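What follows is a single structure, written as structure tokens, with notes after it.
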Amino acid sequence: STPELGENAIVKMLEYLGKLPEEIDLVNLDGGVSFNTIPTQAALEFDLSTQGSGVQARQVRTIYQKIRDLEKQFAKFPDEEFDPPIPTINIGLVRTYKDHIQIAGAVRWSSHVEEAQYLQWMNELAEVCKSQD
Numbered sequence: 021s022t023p024e025l026g027e028n029a030i031v032k033m034l035e036y037l038g039k040l041p042e043e044i045d046l047v048n049l050d051g052g053v054s055f056n057t058i059p060t061q062a063a064l065e066f067d068l069s070t071q072g073s074g075v076q077a078r079q080v081r082t083i084y085q086k087i088r089d090l091e092k093q094f095a096k097f098p099d100e101e102f103d104p105p106i107p108t109i110n111i112g113l114v115r116t117y118k119d120h121i122q123i124a125g126a127v128r129w130s131s132h133v134e135e136a137q138y139l140q141w142m143n144e145l146a147e148v149c150k151s152q153d
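Numbers 21 to 153, taken from this note's numbering, label the letters of the sequence shown in order.
Written out as structure tokens, the structure reads:
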């Protein structure tokens, strides 16, 4: 429940992915065991020889960037009685399948954030995910 206190292996993997060419095909992303735990391991496998035939780094990067953007929005909703004082998001699981990639996580927010705001954030993220088909 406190992702800010741990090192998230999936986040580190996604940060590394951001340094690679956008067009590379992702063969395998694998990390974490549950959406609500901080993953200690993650693996990234990519193929430089088959560009354009599968899920590309650009697609995953776009989703990850939206998650980072949401974290910036979270900072606008502080609640000093909440520890930590702003909502947090944890990416706890990533898996590659034949036709898609699953990225699962958990958001922790205080009662200071209304449900409508939370749903807006999740709808924004869902739209970005859908646009990567």
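Built from N, CA and C at the ideal position, the CB exists for glycine as well. Please read all numbers here as calculations on a predicted model, not as lab measurements.
Going by CA-CA distance only, name the one from the options that's closest to residue i.
i: E35; options: I87, I106 and A126; result: I87
i: G112; options: D119, R128, I106 and P104; result: R128
i: L44; options: A126, I30, N56 and S69; result: Going by the sequence as given, residue 44 is Ile instead of Leu. Checking every option, the nearest Cα to that of I44 belongs to S69.
i: H120; options: A77, N143 and D89; result: A77
i: E91; options: P105, V80 and A136; result: P105
i: T57; options: W141, A124 and Y138; result: A124
i: E144; options: D153, P107, I83 and N110; result: I83
i: P59; options: Y117, V75, N110 and D103; result: N110
i: V148; options: R81, Y138, I30 and P107; result: R81
Taking 8 Å as the CB-CB limit, is residue i close to chain D?
i: K92; result: Considering every chain present, this structure includes no chain D. It has just one protein chain.
According to the Cβ coordinates, are residue i and residue j closer than 8 Å?
i: V47; j: E27; result: no
i: M33; j: G52; result: no
i: A62; j: V133; result: no
i: Q152; j: Q79; result: yes
i: L25; j: T116; result: no
i: P107; j: S131; result: no
Round the Cβ separation of residue i and residue j to the nearest angstrom and send it over; I've been treating them as touching at under 8 Å.
i: F55; j: A146; result: The pair is not a contact, with the Cβ atoms about 15 Å apart (cut-off 8 Å).
Quick one: complete beta strand (DSSP E) runs, 3+ long, within the segment 25-88?
You should have 45-51 and 62-67.
Determine contact between the segment 93-103 and the segment 35-54, defined as no fewer than three beta-carbon pairs at a distance below 8 Å.
No: fewer than three Cβ pairs fall under 8 Å.
Ranges of the beta strand (DSSP E) found wholly within the segment 87-120, counting only runs of at least 3:
Along the length of the segment 87-120, whole beta strand (DSSP E) runs at least 3 residues long occupy 108-116, reported in chain order.
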